[in-house]
Amino acid sequence: MSNKLKIGLFGFGCVGSGLYEVLNQSNLLNASIEKIVVKDRDKHRSLAKDRFSFEKETVLDDSAINLVVELIDDAEAAFEIVTEAFRRGKNVVSANKKLIAEHLDELLALSEECGVSFLYEAAVCGSIPVIRNLEEYYNNDSLASIKGICNGTSNYVLTRLNNELKSFDEVLADAQAIGFAESDPTLDIDGFDSKYKLQILLLHTFGLKTVPQNVLNIGVRHVKAEDILFAKEKGLRLKLISYAKKVEDEIVAFAAPMFVKDDSFAFEVNNEFNAVEIEGLFADKQVFVGKGAGSFPTASAVLSDVSALQYNYKYEYRKLGSNSSSLADDFVFKVFVSSKNAESLSLINFIQVEEEFSSSNYSYKVGLIKSSSINYELYRNQPDLFIAAFEDAEIELIKKEKQQVESLEV
Ligand code: HSE
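To convert, take the position in the sequence shown, counting from 1, and add 190; that gives my numbering.
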């Protein structure tokens with residue numbers, strides 16, 4: 191016999207209103223939305239005004255509500271709601287990757303302490319059931335890598351820039367209008383959203399907990415028509431990839447644009463579609479593809495979590511603690527760096543240059559750099575510096591001890 195779920199819903203935007211509709215259309219669930227809490231009192235919505243309340247206590251203080259579904263985009267307000275719901279013994283479903291990435295430790299500890307379930311399938315790759323599969327199906331295989339197009343907005347923008355002669359801002363505005371982009375699109379196009387999702391994947395793939403500050407993210411904001419042409423001439427495509435790979439005994443992880451070849455899982459994944467490639471020691475490579483953003487696709491993942499809670503499902507985090515791999519501090523990898531201004535390229539410290547081009551209005555270099563020699567601020571503060579990695583290029587770890595020995599030798 192399944193549990194009757196009485197839902198308190200926070201947020202009635204793109205995903206919240208989508209959930210309302212898919213829940214109404216699904217007759218498989220023993221669940222009902224009892225109360226809906228929103229922030230803006232005056233916004234026009236598809237339901238009558240009296241369906242909404244504006245104070246979080248309306249839900250939190252209601253002991254009949256046993257499930258909080260949190261679908262707001264303010265991560266700090268969401269933290270207050272979610273932690274209070276835990277303390278009141280309510281299970282929580284969330285789609286808030288920023289919330290989870292920024293408060294991973296506290297949320298895991300508190301949900302465990304309060305004996306409640308915290309599910310967040312919709313936070314990573316929208317409709318693709320990647321978290322539950324990593325937890326349940328891949329719990330015995332030793333995983334070697336996970337790579338994903340995890341951000342629909344940037345994939346949509348890159349796809350259209352690849353196919354049309356439109357400006358970056360024009361196609362981003364379209365992504366915002368359709369409802370793919372975050373209210374702050376910086377999160378999408380500067381690689382933060384991809385990084386937050388990667389952090390969640392790191393936890394469920396490798397049992398690795400980390401904080402946003404420890405993972406490099408660079409984005410697609412500075413991509414130029416010439417960069418796309420460079421890719422086309424070489425038979426490559428640009429994709430923003432959330433990347434994690436076991437190298438020796440460490441995990442190399444970052445979110446960055448990458449040039450991918452036509453045999454890559456990512457090559458034909460276009461528009462708002464997401465894809466994840468999981469490589470297992472025994473299973474080899476498997477790919478999941480599906481819509482990663484948008485109202486109904488994301489709501490479908492929320493619905494799946496709600497459905498799982500009818501049977502008291504919880505993540506078990508079996509890989510946590512059983513895995514000794516740590517996050518690599520520094521590594522050498524191959525990058526492409528371009529700028530309209532040749533002098534900007536000198537900001538990047540190449541260990542070795544493989545290819546370079548320079549003209550009065552566009553220059554690039556391809557070669558090896560240390561990951562520690564670039565960071566988000568460097569990318570963000572140089573308005574036309576575009577940095578991209580290469581998907582299948584070798585990565586070499588730089589171990590701390592090795593660096594110390596090298597510096598002693600100098
Ligand atoms: N802004 C996100 C994206 C929404 O574009 O992928 C789904 O997480």
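Note that CB positions come from ideal geometry on N, CA and C, so glycine has one too. What you are looking at is a predicted structure, and each value in this text was computed from that prediction instead of being measured.
- In terms of Cα proximity to T376, the closest of N353, N404, H412 is H412.
- Going by C-alpha positions, A367 is about 38 Å away from A518.
- In the DSSP annotation of this structure, Q500 is not part of any beta strand (DSSP E), being labelled neither H nor E.
- Your pair S528 and L430 does not check out as a contact, with CB atoms roughly 16 Å apart and the cut at 8 Å.
- The segment 457–469 makes no contact with the segment 289–308: fewer than 3 CB pairs, one atom from each, lie closer than 8 Å.
- Every unbroken stretch of the beta strand (DSSP E) spanning 3 or more residues and falling wholly within the segment 537–567 is given here in chain order: 542–548, 553–560.
- Annotation: F200 to V258 spans about 7 Å, alpha carbon to alpha carbon.
- Taking all protein chains shown into account, D383 has 16 or more neighbouring C-beta atoms within 10 Å of its C-beta and is therefore buried.
- Among the bridge pairs identified by DSSP, R231 is matched with none.
- The C-beta separation of T488 from S317 comes to about 7 Å, placing the pair in contact by the 8 Å criterion.
- Contact between L388 and C340 holds: their C-beta atoms lie close to 7 Å from each other, under 8 Å.
- Exclusion of D495 from the 7 Å shell around ligand 1 follows from its C-beta lying no nearer than that to any non-hydrogen atom of the ligand.
- Ligand 1 has no heavy atom closer than 7 Å to the beta-carbon of A473.
- Sorting G206, S553, D574 by C-alpha distance to the C-alpha of I408 places D574 at the top.
- The nearest non-hydrogen atom of ligand 1 is less than 7 Å from the C-beta of G342.
- Not one heavy atom of ligand 1 sits closer than 7 Å to the Cβ of D519.
- Taken through DSSP and simplified to helix, strand or coil, Y433 comes out as strand.
- Per DSSP, reduced to three states, the secondary structure at D474 is strand.
- Residue pairing from DSSP places G198 in a beta bridge opposite K225, V258.
- In the three-state scheme derived from DSSP, where H, G and I count as helix and E and B as strand, A312 is classed as helix.
- With contact defined as three or more Cβ pairs closer than 8 Å, the segment 192–209 and the segment 223–237 are in contact.
- E586 is bridged by DSSP to V522.
- Here V283 carries a strand assignment [DSSP, helix/strand/coil].
- For A313, the number of other beta carbons within 10 angstroms of its own is at least 16, and it is reported as buried.
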